[in-house]
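*Asks:* In the UniProt record's numbering, the protein residues as written are 1 to 163.
#1: Going by the CB atoms, is the gap between residue 2 and residue 57 shorter than 8 Å?
#2: Quick one: what's got a C-beta closer than 6 Å to residue 87's C-beta in the same chain, skipping five residues either side?
#3: Label residue 36 either buried or exposed according to how many other C-beta atoms from any shown protein chain fall within 10 Å of its C-beta, with 16 as the threshold for buried.
#4: Give the DSSP-derived three-state secondary structure of residue 76 in the structure shown.
#5: Tell me, to the nearest whole angstrom, how far the beta carbon of residue 114 is from that of residue 140; I am working on the premise that it is less than 8 Å.
#6: Does the stretch 59–69 come close enough to the stretch 84–98 to have 3 or more Cβ pairs within less than 8 Å?
#7: Give me the Cα-Cα distance between residue 107 and residue 14, rounded to the nearest whole angstrom.
#8: At what residue ranges does the stretch 17–51 contain a whole run of the beta strand (DSSP E), taking only runs of 3 or more?
#9: What residues match up with residue 98 in a beta bridge as DSSP calls it?
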């Protein structure tokens, strides 16, 4: 992911009001982030834990999405829709996001299951278990990273989609 400034971060949100963008709490260690290790930037708001933020690096620049955690709890352990990790060391939660533009102002939302603290970039970089003799672990890891990037880009496109 390309690095961004605080000003760029606050201005890139497509489904948040000016007041919401100005009120958001930056992620811990924002000035020291290792951007090359991130497929997207995601964090939970320390002041409002029900809120989460995701910034995706698209061709046209960064796109920010404000998410709201669902109050309900899953009956079974769900799988993260983004990193698709079946050996998760963390909790997966349901988040919803207002759609961008008029659709969001009309109350339309999009939902997804995501790692609770947005740990997907770290999860896909873990060494996967060897599935069989001759299994290319590094190729599998690269494929997981690309799948994560694609899943997050698709979610951002759905949030931004008109109608």
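Glycine included, each C-beta is placed from N, C-alpha and C at the ideal position.
*Replies:* If we stick to the structure as given:
#1: yes
#2: none
#3: exposed
#4: coil
#5: Actually they do not touch by this definition, with Cβ atoms about 22 Å apart.
#6: yes
#7: 14 Å
#8: 41–44
#9: 109
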